[in-house]
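These notes are about the structure you will find just below.
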Amino acid sequence: MQLRIGSRWRSAVDDTQVVVVRAPAGEVSLTCGGHPLIPADSQPTPGLTIDEGATGGTALGKRYADPATGLELLCVKAGTGALALDGVELPLRSAKPLPASD
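Numbering (the UniProt record's numbering), first residue to last: 1 to 102.
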């Protein structure tokens with residue numbers, strides 16, 4: 001799928017919804033719960049369930065990023081499926097440490 005900054009996507013198997021903050025240059029395979037994400041205004045296919053090994057959940061307000069591709073997603077609705085990029089689970093982006101005020 002081709003991702004654009006600001007586009008909104010949802011999981012086909014749970015409540016997860018994300019917004020693209022930084023988009024990779026090329027095509028990627030972005031999944032949640034083992035199934036491809038769909039546009040936020042689309043309805044999921046009935047009967048789909050989360051694949052084994054694709055659980056772990058998403059946290060509301062957290063960012064998920066892949067430094068290798070430059071992808072960054074903001075979770076706007078939490079769910080039970082794990083986000084993955086090209087078959088590899090996306091890690092939470094760590095917070096930048098604030099400078100010490102001496």
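All residues carry an ideal CB built from backbone N, CA and C; glycine is no exception.
Where residue i falls, given that 16 or more other Cβ within 10 Å makes a residue buried
i	result
E72	buried
A54	buried
S11	buried
D66	buried
S30	Reading the sequence as shown, one finds Leu at residue 30 and not Ser. The residue in question, L30, is buried, as its Cβ has 16 or more Cβ neighbours within 10 Å.
Minimum C-alpha distance to residue i - residue among the options
i	options	result
P39	S7, V28, A82 and A68	S7
A23	P99, R4, D15 and P67	R4
T49	V19, K62 and D15	D15
K77	G87, G56, P67 and K62	K62
C75	T45, S101, W9 and V18	V18
G56	Q2, L92 and L98	L92
residue 165	K96, P99 and G87	No answer is possible for residue 165: it lies beyond the span of the chain, which begins at 1 and ends at 102.
CB contact flag (residue i, residue j, <9 angstroms)
i	j	result
L37	Y64	no
C32	G70	no
G34	T58	no
V20	P44	no
Cβ separation of residue i and residue j, assumed to be a contact under 8 angstroms, to the nearest whole Å
i	j	result
L85	V28	6 angstroms
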